[in-house]
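Encoded as structure tokens, the structure appears first; notes follow it.
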Amino acid sequence: MVGVVTITLDPYQILVWALVGLVVGFLATRVMLGHGLGVGADIVVGLIGALAGGFLAQIFGVTLSVPRAPLAAEAIIAFLGAIVLLAMLRLFGLGGRRRSPLRR
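Structure (structure tokens):
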């Protein structure tokens, strides 16, 4: 029997995912690529990764709690979502080249 997955969309949680995504996009591009994609692209990666991470965590029933720091749990999920997104981008050949530190 196939189960039905219900997703509840809380506007506050979506806003938190988006705001945290702005920061974690920058961090995730540094971790995965060794350099950023540019401010705009870092923000987009963070936003999409945070939203995807939040939705996937909800679909798979993953809950994360950090005592006295609920925003930290959201940041970790957003960061993991952005990392997964960047891994997929690298798999398809986008953003995989590292810049030489001597070139500008």
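Residue 338 is where the sequence shown ends in my numbering, and the numbering goes up by one at each step.
Where is the CB? At the ideal position from N, CA and C, for every residue including glycine.
All of these numbers come straight from a predicted model, not from anything done at the bench.
Burial state of residue i, where buried means 16 or more other Cβ atoms lie within 10 Å
i           : result
residue 297 : exposed
residue 314 : buried
residue 303 : exposed
residue 244 : exposed
residue 325 : exposed
Close beta carbons around residue i, own chain, < 7 Å, minus the five adjacent residues each side
i           : result
residue 279 : 259, 262, 263, 271, 316, 319, 320
Reference residue i; option with closest CA among the options
i           : options       : result
residue 284 : 268, 301, 305 : 305
residue 282 : 300, 301, 256 : 256
Min CB distance residue i to chain B below 8 Å
i           : result
residue 319 : This model lacks chain B altogether, as it is built from one protein chain only.
Nonlocal neighbours in the same chain, by C-beta distance under 6 Å from residue i, ignoring five residues either side
i           : result
residue 291 : 311
residue 308 : 250, 254
Residue i versus residue j - alpha carbon distance
i           : j           : result
residue 267 : residue 287 : 19 Å
residue 242 : residue 322 : 26 Å
For residue i, the three-state DSSP class (helix, strand or coil)
i           : result
residue 260 : helix
residue 302 : coil
residue 276 : helix
Nonlocal neighbours in the same chain, by C-beta distance under 8 Å from residue i, ignoring five residues either side
i           : result
residue 294 : none
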